[in-house]
Amino acid sequence: MSYPSLASRGAAPVGTIDHLDEEGRMVVALMRGNHGHWEDDLARVFGQMMGIVQSHGRRALLHHSKTCNCLGADEATIVELVQRAGSGARSDATLMALMLVSAEVAPLMVSMAEQLALLIRLDIRIGSGPLH
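Structure, rendered in structure tokens:
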């Protein structure tokens, strides 16, 4: 049995986009570069969160192409982080963040994920997102 290299494990398929709720699909769309359609605040907060990953990440995050139906491991981790932070499960979200970034910035990552979840929920509620 062969295992993917450490560098490519983040892209390993762990599911499909079809099985995500709308919030999860929006997070994946943002990861895949589809953030031009959303409000400035939503794209800004996501960009700041990814900036934390770029500067303090354990490794570069990987994602699938915009049209791929696969859900990659890194994409699934970010979706879980955002959803758990947004639901108030900060301890769980912190554990997710620790898989991605250093311990010093994990609380900041959780706070950014919480903000992102709230903005996504607001976007879904007012129906302005591209998934409507």
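All residue numbers for the sequence shown refer to full-length UniProt numbering, where the first residue is 1 and numbers rise by one.
Yeah, the Cβ is synthetic: ideal placement off N, Cα and C, and Gly gets one too.
Residue i burial status per 10 Å Cβ neighbour count (16 or more: buried)
i      : result
ALA104 : According to the sequence as given, residue 104 is Glu; it is not Ala. Looking at its Cβ environment, which holds fewer than 16 other Cβ atoms inside 10 Å, GLU104 is exposed.
ILE120 : buried
ALA76  : buried
Opposing strand residues paired with residue i [DSSP bridges]
i      : result
VAL101 : GLY57
THR77  : Note: THR77 sits in no beta bridge, so no partner.
GLY15  : LEU71
Cutoff 7 Å; reference residue i; Cβ partners in own chain excluding five residues on either side
i      : result
ARG9   : ALA73
ASP92  : ARG84
HIS132 : Reliability of the predicted coordinates at HIS132 is poor, the pLDDT of 43 falling under 50, and the value obtained from them is presented with this limitation in mind. Here the set comprises nothing.
Residues of its chain near residue i, where Cβ-Cβ distance is below 6 Å and the 5 sequence neighbours each way are ignored
i      : result
ALA106 : THR94, ALA97 and LEU98
VAL82  : VAL27, ALA113, LEU116 and ALA117
GLY24  : VAL79
Residue i: CB within 7 Å of a non-hydrogen atom of the ligand HEM
i     : result
LEU62 : By its list of ligands, the structure shown contains no ligand whatsoever, and the ligand HEM lies outside what it can speak to.
Element boundaries [alpha helix (DSSP H), containing residue i]
i      : result
LEU71  : Here LEU71 belongs to no alpha helix (DSSP H); instead the beta strand (DSSP E) covers 70-72.
ASP123 : 106-126
ARG25  : 22-31
Practice item. Flag this pair as touching only if the region 16-26 and the region 46-58 have three or more C-beta atom pairs under 8 Å; answer yes or no. Key: no
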